[in-house]
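Quick note, the sequence shown lines up with residues 3 to 250 if you use the working numbering. We treat Cβ as the ideally placed atom computed from N, Cα and C, and that holds for glycine.
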Amino acid sequence: MLREVRMLRAGSCLIDQSELVTGTPEGTMVRVPIWMYLLRGDDAIFLVDSGMPPECIGNERYFAGEEGGDHILPQMQAEDAVEEVLAHQGLAVADLDGLISTHWHFDHAGGNRNFRGRPVLVHPDEVAAYRAEAELPVWIDLSLDFRPVRDGDRPMPGVTLLHSPGHTPGHLSLLLEPDGSGPLLLTIDAAYTQRNWTEDLPGAMLDPVVGMRSVERLKEVARSAGAKVFFGHDAGQAQEPLWQQFAR
Ligand SMILES: [Zn+2]
């Protein structure tokens, strides 16, 4: 049984709104939260995603000089690094059964290197996409102990992984069925915000056509499960009373 879901805040990022919602004008930076999620069951504990890389600590110009780099300004403190976020929960990497790595963007996989020698659950399409790259970002380590997962896999009771490609090739969303509360759908970056979801407006996606097909499918999953939907980077949503019970 899935006993507990904790949404762990791991810093924030200033992002140009044109990246959040395709078609909106450039030039306005908005602050969005970055999350990790702790899933605690009877016999297993998993972390979902690992936040930003330590290279971003105190360095909002980390991406300066890269194409589009001025559209993303990481806001990271030392306390936002994955080992510190876990320590705040009284946990270390070794206490976890593994990491569920939804996709390998800097704000989701930045701490993956801390999971050397531990199981890292990831969709094989994500690994394949990066294996094809000549030059890898510093936070990508292809020598980790990857455990390939497929759509519909259940790494522990109450946790179903959903392959939702488009944002990235191997992107994963999660359907959670915690004991004592209704089902929750974590879209992760298939939908950054409520607006992407409600108005069918894609955020930054590698393949928007595939991505919007994934959103349609996630909506169907949410409908048939009766799940509440939590978005990947919605600044307002975490303040809503419904989600406060999960926030730590
Ligand atoms: Zn992303």
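- Residues of the same chain with a CB within less than 8 Å of the CB of D44, apart from the 5 flanking positions on each side, are M3, R5, P159 in chain order.
- Secondary structure at V140: coil, using DSSP grouped into helix, strand and coil.
- Only residues of its own chain outside the window of five on either side were considered, and among them L4, R5, E6, V7, G160, L186 have a CB closer than 8 Å to the CB of P180, listed in chain order.
- Shortest gap from the CB of H169 to any heavy atom of ligand 1: under 7 Å.
- Here the stretch 166-177 lies against the stretch 210-222, with 3 or more beta-carbon pairs under 8 Å apart.
- Inclusion of V217 and A237 in the CB contact set at 8 Å is not warranted, their separation being larger than that value.
- If you draw a straight line from the Cα of V151 to the Cα of L138, it is about 22 Å long.
- Just measuring C-alpha positions, the residue of Y39, M78, P27, L41 sitting nearest L16 is M78.
- With 5 Å as the limit between CB and the heavy atoms of ligand 1, the residues that fall short of it are H107, D191.
- Apart from the 5 residues on each side of it in sequence, D127 sits with its Cβ closer than 6 Å to the Cβ of P171, G172 in its chain, given in chain order.
- Secondary structure of S103 (DSSP, three-state): coil.
- Rounded to whole angstroms, the gap between the alpha carbons of P121 and G29 is 41 Å.
- Here D147 is exposed. Its C-beta has fewer than 16 other C-beta atoms within 10 Å.
- For T200, the number of other beta carbons within 10 angstroms of its own is below 16, and it is reported as exposed.
- Here D147 carries a strand assignment [DSSP, helix/strand/coil].
- The DSSP-derived three-state label of H110 is helix.
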